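K.L.:
Quick one: this structure, given as structure tokens, is what I'll be asking you about.
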Amino acid sequence: MATLRHSLKKPIFLFLVIIGIGGFWLPQAFDSSSPAAKTPHQVHIAFGFHANLYHSFRGDTNDENGFGQDIRVIRHILRTLDRFNHDGVPVRAVWDFDSLFSLQEILPAHAPDIIRDVQRRVAQSNDDVMLMSYNNGLMSAMTDVEFMTSMARAISNDKGSGVRDLFGRVAPVVRPQEMMTTPGNFSRYKALGIDCVSLYYSATPFDAFRAFSRALSPTEAYNPVTYRNPRSGEAIDILPTYHAGDLVENVSLREWAERLHRLQDDGKIDRDVLIFINFDADAEFWSGTDLPWYLKWLPNTGGLAQLIDSVADLDFVTFSNVTDYLATHPPVGTVRFSQDTADGSFNGYHSWAEKAYASDYWTRIVRNRRSHRTARRVFAIGGARPVTADLNDLLRGSFETRLRALSTTNFGLASPFLSRQRETAMAALLGRLDWYSDQIDRRVTDCVRELTDGVVPTALPASGGRLVDTFVAIEPAAGGDRHLTFCLPASDSGGRHYSIADTRGRLIAATLEKIDPSDDGRTATLTVRVAGEETMPDGIYFLFRNDIPLPAGTTRTVSATPRRLENEFIRVELDKTGHVTRVTHNGRVQLDAGSLVPAMVYQGRRLSPAKLSVEVEKSGASGVASLRIHGGWDGPDGRTRAPGWVDYRLRLVARVPYLFIEGTVRYPDTFRDTLTQADRPMLARKIDAGWEAVAPVELRFSARASKAHPFFIHKRNFLGQEDAYAVDYYRHAPENRNVADINNHITAEYAGVTTGGRGMAVAMNTAVNANFAFCPFTMAYLPGTGEFRIRANPFGTYYGRQILPPTRGNRLGYEAVRLSAPQLHSSGPTYNGYRDRFDLMVAFFKGDRLPDPLKRDLIAFARRPVTIGKLAPAHQPPRDDTLLPPAGFLAMPSGNGVVFHWESAGVPGTQYRIRYHAADSAEIKTVCTEAHPLLVAAGDFPTPETAYVATIQAEYPDGRRSPPSREIRFRMAPPADCTLEIPKDFMAKVLWANMTAWIRQNLL
75 MATLRHSLKK PIFLFLVIIG IGGFWLPQAF DSSSPAAKTP HQVHIAFGFH ANLYHSFRGD
135 TNDENGFGQD IRVIRHILRT LDRFNHDGVP VRAVWDFDSL FSLQEILPAH APDIIRDVQR
195 RVAQSNDDVM LMSYNNGLMS AMTDVEFMTS MARAISNDKG SGVRDLFGRV APVVRPQEMM
255 TTPGNFSRYK ALGIDCVSLY YSATPFDAFR AFSRALSPTE AYNPVTYRNP RSGEAIDILP
315 TYHAGDLVEN VSLREWAERL HRLQDDGKID RDVLIFINFD ADAEFWSGTD LPWYLKWLPN
375 TGGLAQLIDS VADLDFVTFS NVTDYLATHP PVGTVRFSQD TADGSFNGYH SWAEKAYASD
435 YWTRIVRNRR SHRTARRVFA IGGARPVTAD LNDLLRGSFE TRLRALSTTN FGLASPFLSR
495 QRETAMAALL GRLDWYSDQI DRRVTDCVRE LTDGVVPTAL PASGGRLVDT FVAIEPAAGG
555 DRHLTFCLPA SDSGGRHYSI ADTRGRLIAA TLEKIDPSDD GRTATLTVRV AGEETMPDGI
615 YFLFRNDIPL PAGTTRTVSA TPRRLENEFI RVELDKTGHV TRVTHNGRVQ LDAGSLVPAM
675 VYQGRRLSPA KLSVEVEKSG ASGVASLRIH GGWDGPDGRT RAPGWVDYRL RLVARVPYLF
735 IEGTVRYPDT FRDTLTQADR PMLARKIDAG WEAVAPVELR FSARASKAHP FFIHKRNFLG
795 QEDAYAVDYY RHAPENRNVA DINNHITAEY AGVTTGGRGM AVAMNTAVNA NFAFCPFTMA
855 YLPGTGEFRI RANPFGTYYG RQILPPTRGN RLGYEAVRLS APQLHSSGPT YNGYRDRFDL
915 MVAFFKGDRL PDPLKRDLIA FARRPVTIGK LAPAHQPPRD DTLLPPAGFL AMPSGNGVVF
975 HWESAGVPGT QYRIRYHAAD SAEIKTVCTE AHPLLVAAGD FPTPETAYVA TIQAEYPDGR
1035 RSPPSREIRF RMAPPADCTL EIPKDFMAKV LWANMTAWIR QNLL
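According to my numbering, the sequence shown is numbered sequentially starting from 75.
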């Protein structure tokens, strides 16, 4: 069984600790040029410790599988700092904590001494405490209320866990969790008195903005700079920040400081500089490691103590903190970038947003936001009763639960999967959130029934019709064409035409878009479209059904056949296999062949369904034409447990210039034989690492870009801020002409792309499936023409080479992180056997920015009016239609027994029956559990040399059972050694670099 290193957080791993810091090349080592005149400028050094004890890689236990590692390492850091201070070295620390999980819950219960020691150091040793956020939050994807609440509570809150509450003062700097920012955040930080943002300017793939801005000069790279965004009008100071990977890139801390001071001596830097190293407080990097005798000479292998020792004797070094440095060193330059920053894979949101189940998580958060908004507005309608104390309690409890769910930890950074303990905790958290949403919705429904009871229409449509529903509509503020959804009895849902009237008798034209019968056939979900010029303020409305056919001779402007779907604007062409060959808009090709059909990249091979069936569902006679495309999807040969399937619908509406795509996909289920976290039995997992990229409905935009006219990605966030950024990273390095995954756009509703006066945009129906960064792009260079092509991947994931940032270092830090950082794994394995659905609107346009009417329609498609009528849509519980044995069954011996792991069937209430016995015995033991992983005590496995056998079977709440799994065999052997395998050529480069650095420091 293959193993995949997965246990360490972020790009510091055992190799970096052992090997230490890469060096200058030999010519630099022997450079004996005369020193310039001594400068008065200093090199300031600040050590930052990012403390968040709520992890995606680990669980919530006080041991090495959870936050016990944090407590151990932080205590070591505190002892080290105190020892140096006692010895007269004035080193200081810059701390940042989340308030909710770390300062409010975990540390007071398990390590209150840490809080007391940081308080003492702030008071006596001038340590700093910067802000992070109250809830370790996904700040760039929060609404205004969520953002301001989180940051205000991070400063001070009624639980006493704010930075000011505990430490008496707050450094005027925020270190956003996972470096996540978006336009609109910065003005809100300023409103809270926060003057500066700490963001990574790293030469490694663990970065925030280095690849996106112009290259900073040496002076700017180590001083505050002012960020300006012309679109949002924001300005704030940014403190370029570094981490342990940058030490590798710059040889060692001493070499780094000496190099900067030589630039000061040479007059190339005319002021002080600050090396601010901020890194995870739980990283073993700070503790150091014991080396064999033949590696004892390597620098920077002794943790924080060796870092301090390496520079403590330099008279030009000042140990500082961020408050003191910023107070006396104003900004030295200006930077601009429009990307939404995050320090995940590909310098963006891949590590959080592109997991398969991230969309399910986010959809439930969006639903809760919608429930809150609807409740406030329904109870504000004239005639509604006041909000009850009961509902207010639900709204408060719901908001607190949502803040917890909005922690970045619940989505990543761990890749490809979260730890199983985190998945289990998030499932429970979202279960509570769903309960709150259900309870709020019930109170709202009761209020609506009171409002509509006895209300009758004052007029009927001129063409007649039958009243089928009386409902309350809550209108989003965006405008644009509305898409209203109703749940009706099956007998009322088969009409050809529907219309809407308000209580004053005003008629509102509505176009029937689609009818979706329920599984039991008793009800149906009806969707109608209302043109944007119609007004529908919050209030009571009536829905009428009219079965009058269109007049004879009416010209059809929309039609469908199995090989073609078209209206006045768009034409979709398909081949005999059911694959789309092209999509045109106003006669011009916009989507190339291969679009709109699901695909996966598995071990380097692209796999799609070979042949799909195409059926005409609506011919266009009613003003709507639609095709159903469906069929099976074979997985990779010899690797597939069960094939997948596809069920998509393409829809066009008369006089509407957009293509609508909805679908459900079950990805093939493949065997899992790669073991992650093999050295930690409680955190281990079996995956199929062959999954590299997944595209459920790829959009292959036909426009081509050039270096003179690059692609621009357009976006709109949850604060209503719109912006766009150029994908022109090739200006830093030719390797960036191909960008594997582009995901620096928070998507409240849509994402778009333009080049050379052509554009494409796609919006998601957030009531069906939502994601805060739902649409990654990929860009490829076409050497034959010197052009670039781009593809969009709603609800999918891409993978490939990391972005190469500019550097003045040796590139060894970049390579070390690229080779070994666990968060850089593909999210593809999370799609293995996964079932997903989506509802999209695709638009094409002329120009280099989205027209305002199109933006309104995209937003209206994504954020639909809430309609509450006589019937509420029935909740469809998850159902496993494969009946496969639980996947990834694994037995991991540990000191306390055997830990059994498996993948959940995805149906709440499922029980799992595990049978195990010695291979040479017929005595079978059985355990049945709902929770996993499961630890079985060592007493059931008394002899280490004996081989044991186990199987697992799922038992569903409805009485169905899966077949038992294949037998697995195991022994009570110690965990496997999964020391990172380092490429020999890379090891040689690093050892040579370290040797030349040692020669420079000690012999020259």
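Backbone N, C-alpha and C define an ideal beta-carbon position, used for all residues, glycine too.
Treat the numbers as computed from the prediction; the structure is a model and nothing was measured.
Is it right to say Gly883 is buried, meaning 16 or more other beta carbons lie within 10 angstroms of its own, or is it exposed?
P.N.:
In the sequence shown, counting from the first residue as 1, residue 883 sits at position 809. Only buried fits Gly883, as 16 or more other CB atoms lie within 10 angstroms of its CB.
K.L.:
Name the two residues that bound the continuous beta strand (DSSP E) containing Met206.
P.N.:
For the purposes of this step, residue 206 is identified with residue 132 of the sequence shown, where counting begins at 1. That residue, Met206, is in no beta strand (DSSP E); it is neither H nor E in DSSP.
K.L.:
Count the other CB atoms, across all protein chains shown, that sit within 10 Å of the CB of Asp464; report buried if there are 16 or more and exposed otherwise.
P.N.:
One-based indexing of the sequence shown puts residue 464 at position 390. Asp464 is exposed by the Cβ-count criterion.
K.L.:
Tell me the DSSP secondary structure of His160 in three-state form.
P.N.:
Here residue 160 refers to the residue found at position 86 when the sequence shown is read from its first residue. Assignment of His160 by DSSP, reduced to helix, strand and coil, places it in the helix class.
K.L.:
Can the beta-carbon of Pro563 be found closer than 8 Å to that of Thr597?
P.N.:
Here residue 563 refers to the residue found at position 489 when the sequence shown is read from its first residue. Here residue 597 refers to the residue found at position 523 when the sequence shown is read from its first residue. Yes. Within cutoff.
K.L.:
Taking 8 Å as the cut-off, does the stretch 905-921 touch the stretch 348-360 (at least 3 CB pairs, one atom from each stretch)?
P.N.:
no
K.L.:
What's the gap between the Cα of Ala318 and the Cα of Leu400?
P.N.:
Position 244 of the sequence shown holds residue 318. Position 326 of the sequence shown holds residue 400. About 22 Å.
K.L.:
Between the alpha carbons of Glu607 and Gly554, how many angstroms are there, rounded?
P.N.:
The residue labelled residue 607 in the question sits at position 533 within the sequence shown. The residue labelled residue 554 in the question sits at position 480 within the sequence shown. About 7 Å.
K.L.:
Rounded C-beta distance between Thr1070 and Ala277? I'm assuming under 8 Å.
P.N.:
Here residue 1070 is taken as the residue at index 996 of the sequence shown, counted from 1. Here residue 277 is taken as the residue at index 203 of the sequence shown, counted from 1. Rounded, the Cβ-Cβ distance is 19 Å, inconsistent with contact.
K.L.:
How close, in whole Å, do the beta carbons of Gly921 and Gly831 come, if the pair is a contact with beta carbons under 8 Å?
P.N.:
Taking the sequence shown and counting its residues from 1, the one referred to as residue 921 is at position 847. Taking the sequence shown and counting its residues from 1, the one referred to as residue 831 is at position 757. About 6 Å separates the two Cβ atoms, so the contact holds.
K.L.:
Could you pull the start and end residues of the beta strand (DSSP E) that Phe616 belongs to?
P.N.:
Within the sequence shown, residue 616 is the residue found at index 542, counting from 1. Start and end: Gly613 to Asn620.
K.L.:
Give me the Cβ distance between Phe545 and Thr941, rounded to the nearest whole Å; I'm assuming they're in contact under 8 Å.
P.N.:
By 1-based counting over the sequence shown, the position of residue 545 is 471. By 1-based counting over the sequence shown, the position of residue 941 is 867. The Cβ separation is near 5 Å, so the contact holds.
K.L.:
Let me know if His160 comes out buried or exposed under the rule of 16 or more other beta-carbons within 10 Å of its beta-carbon.
P.N.:
Taking the sequence shown and counting its residues from 1, the one referred to as residue 160 is at position 86. His160 comes out exposed.
K.L.:
Below 8 Å on the Cβ atoms is my contact criterion, and I expect Ala1118 with Pro550 to pass it. Report the Cβ-Cβ distance as a whole number of Å.
P.N.:
For residue 1118 there is no data in the structure shown, the boundaries of the chain being 75 and 1078.
K.L.:
So, does the stretch 311-326 touch the stretch 264-282, judging by three or more C-beta pairs under 8 Å?
P.N.:
yes
K.L.:
Using the DSSP secondary-structure output, state which residues sit across from Glu640 in a beta bridge.
P.N.:
If you number the sequence shown from 1, residue 640 lands on position 566. Per DSSP, Ser633 and Arg645.
K.L.:
Could you say which of Ala197, Phe260 and Asp621 lies nearest to Gly242 if we only look at CA atoms?
P.N.:
For the purposes of this step, residue 242 is taken as the residue at position 168 of the sequence shown. Out of Ala197, Phe260 and Asp621, Ala197 has the C-alpha closest to the C-alpha of Gly242.
K.L.:
Rounded to whole angstroms, what is the Cα-Cα separation between Ala458 and Leu468?
P.N.:
Looking up residue 458 in the sequence shown gives position 384. Looking up residue 468 in the sequence shown gives position 394. So the two alpha carbons sit approximately 18 Å from each other.
K.L.:
What three-state label does DSSP hand Trp1066 in the structure shown?
P.N.:
In the sequence shown, the residue the question calls residue 1066 occupies position 992. The answer is helix: DSSP assigns Trp1066 an H, G or I state.
K.L.:
Where does Phe98 land, buried or exposed, given buried means 16+ other C-beta within 10 angstroms?
P.N.:
Taking the sequence shown and counting its residues from 1, one reaches residue 98 at position 24. Confidence at Phe98 is low in this model, with a pLDDT of 36, below 50, so the placement of that residue is unreliable and no value is reported for it.
K.L.:
Taking Asn395 as the reference, give the member of Val244, Leu327, Pro770 and Arg476 with the closest Cα.
P.N.:
Taking the sequence shown and counting its residues from 1, one reaches residue 395 at position 321. For Asn395, the nearest C-alpha among the options comes from Val244.
K.L.:
Looking only at its own chain, which residues have a Cβ that is under 6 Å from the Cβ of Leu181, when we skip the five neighbours before and after it?
P.N.:
As a working note, residue 181 is residue 107 in the sequence shown. Within the same chain, Leu181 has close Cβ partners Ile188 and Ile189.
K.L.:
Suppose you measure from the CA of Met838 to the CA of Ser433; what does that come to, to the nearest Å?
P.N.:
Taking the first residue of the sequence shown as position 1, residue 838 is located at position 764. Taking the first residue of the sequence shown as position 1, residue 433 is located at position 359. Their Cα atoms are separated by approximately 11 Å.
K.L.:
In or out: Phe87 buried (at least 16 other Cβ within 10 Å) or exposed?
P.N.:
Residue 87 sits at position 13 when you count from the first residue of the sequence shown. Its pLDDT being 38, under 50, Phe87 is placed unreliably in this model, and the value from its coordinates should be taken loosely. That one is buried.
K.L.:
Do you know how far the Cα of Tyr296 is from the Cα of Val409?
P.N.:
Locating residue 409 in the sequence shown gives position 335, where the first residue counts as 1. Locating residue 296 in the sequence shown gives position 222, where the first residue counts as 1. Computed Cα separation, rounded: 14 Å.
K.L.:
Just tell me which of Thr1017, Asp994 and Asn970 has its CA closest to the CA of Leu1008.
P.N.:
Along the sequence shown, read from residue 1 onward, the residue named residue 1008 stands at position 934. Looking at the Cα atoms, Asn970 is the closest of the given residues.
K.L.:
DSSP puts Ala917 in a beta bridge; with which residues?
P.N.:
Here residue 917 is taken as the residue at index 843 of the sequence shown, counted from 1. The partner list for Ala917 (beta bridge, DSSP) reads Tyr732 and Ala835.
K.L.:
Tell me which same chain residues have a C-beta within less than 6 Å of the C-beta of Ala584, skipping the five on either side of it?
P.N.:
As a working note, residue 584 is residue 510 in the sequence shown. Contacts found: Tyr572, Ser573, Ile574, Val602 and Val604.
K.L.:
What does the alpha-carbon distance come out to for the pair Leu1077 and Arg805?
P.N.:
Counting from one through the sequence shown, the residue named residue 1077 turns up at place 1003. Counting from one through the sequence shown, the residue named residue 805 turns up at place 731. Going by C-alpha positions, Leu1077 is about 39 Å away from Arg805.
K.L.:
Report the rounded CA-to-CA distance for Ile151 versus Trp360, giving the unit in angstroms.
P.N.:
Translated into the one-based positions of the sequence shown, residue 151 becomes position 77. Translated into the one-based positions of the sequence shown, residue 360 becomes position 286. One C-alpha to the other measures close to 7 Å.
K.L.:
When you compare each of Ile119, Leu914 and Met204 to Val842 by their alpha carbons, which one comes out closest?
P.N.:
The residue you call residue 842 lines up with position 768 of the sequence shown. Among Ile119, Leu914 and Met204, the Cα nearest to that of Val842 is on Leu914.
K.L.:
Buried or exposed: which applies to Asp417, given that a residue is buried once 16 or more other Cβ atoms fall within 10 Å of its Cβ?
P.N.:
Position 343 of the sequence shown, counted from the start, is the residue given in the question as residue 417. Asp417 comes out buried.
K.L.:
Helix, strand or coil for Lys789? Go by DSSP, reduced to three states.
P.N.:
The residue labelled residue 789 in the question sits at position 715 within the sequence shown. In the structure shown, Lys789 sits in a strand (DSSP, three-state: E or B).
K.L.:
For the stretch 797-880, list the beta strand (DSSP E) runs that are entirely contained and at least 3 residues long, ordered along the chain.
P.N.:
813-816, 824-829, 832-838, 851-856 and 861-866
K.L.:
Tell me whether the beta-carbon of Phe912 lies closer than 8 Å to the beta-carbon of Ile864.
P.N.:
As a working note, residue 912 is residue 838 in the sequence shown. As a working note, residue 864 is residue 790 in the sequence shown. No, these two residues do not count as a Cβ contact at 8 Å.
K.L.:
Quick check: the Cα distance between Ser384 and Glu332, rounded to an integer number of angstroms?
P.N.:
As a working note, residue 384 is residue 310 in the sequence shown. As a working note, residue 332 is residue 258 in the sequence shown. Ser384 and Glu332: Cα-Cα distance of roughly 11 Å.
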